[in-house]
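J.:
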Amino acid sequence: MTSAWVLDASVAVAAATGHPLREHAQRLLRRAVVEERPLFVPRLFAAEVASALRRASFHGALTQEAAERALDLLLKLPWIYAKDEELALPALRWASKLGQARAYDAFYVALAERKRALLWTADARLVQGLRALGFPGVKGLEEA
Numbered sequence: 064m065t066s067a068w069v070l071d072a073s074v075a076v077a078a079a080t081g082h083p084l085r086e087h088a089q090r091l092l093r094r095a096v097v098e099e100r101p102l103f104v105p106r107l108f109a110a111e112v113a114s115a116l117r118r119a120s121f122h123g124a125l126t127q128e129a130a131e132r133a134l135d136l137l138l139k140l141p142w143i144y145a146k147d148e149e150l151a152l153p154a155l156r157w158a159s160k161l162g163q164a165r166a167y168d169a170f171y172v173a174l175a176e177r178k179r180a181l182l183w184t185a186d187a188r189l190v191q192g193l194r195a196l197g198f199p200g201v202k203g204l205e206e207a
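Just so it is clear: in the sequence shown, position 100 is 163 by the numbering used here, and no numbers are missing.
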């Protein structure tokens, strides 16, 4: 395992919204910056975060202005964007192994596997599923 991290979109969204693990997410992001950790994400990350923030705004969890500020701040972090086309086939395989109907989460798993990086997520089911499959490098946000 390298010092690099992969943070899925749920971590970024948790940091920006009223998520129960908000403080954990914010602490993790600060730690990543202070420790100068390489932060890998697939290209779909920005779209997922924007979509989740819009949804939160639509449902009144935060204002549109707050969503825009949060997105602006999150996208200024030193993300290293991976090419989705290089992750698509391994992501499809991981989605199948995990029994998922969609492959979005699996892109983060495939990227963590490829970079030998620690995957951080706020998705407890993903953590549980990966651990059941023997995936060595996954942590839930509550572990931050």
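Where a beta carbon is used, it is the ideal one built from N, C-alpha and C, also for glycine.
Since the structure is predicted, the reported quantities are computational estimates derived from the model, not experimental observations.
Which residue marks the beginning of the alpha helix (DSSP H) containing A154, and which one marks its end?
T.: Taken as a continuous stretch (DSSP letters only), the alpha helix (DSSP H) holding A154 covers 147-161.
J.: Candidates A79, A72, E86, Q163: which alpha carbon is nearest P105's?
T.: Ranking the options by Cα distance to P105, first place goes to A72.
J.: What separation, rounded to the nearest whole angstrom, lies between the Cα atoms of R94 and H87?
T.: Using only the alpha carbons, I get a separation of about 10 Å.
J.: Go ahead and label V96 buried or exposed: buried means 16 or more other beta carbons lie within 10 angstroms of its beta carbon, across all protein chains shown.
T.: Label assigned to V96: exposed.
J.: Closer than 6 Å by C-beta to A158: which residues in its own chain qualify, once you throw out the five before and the five after it? Chain order, please.
T.: Here the set comprises A166, A169.
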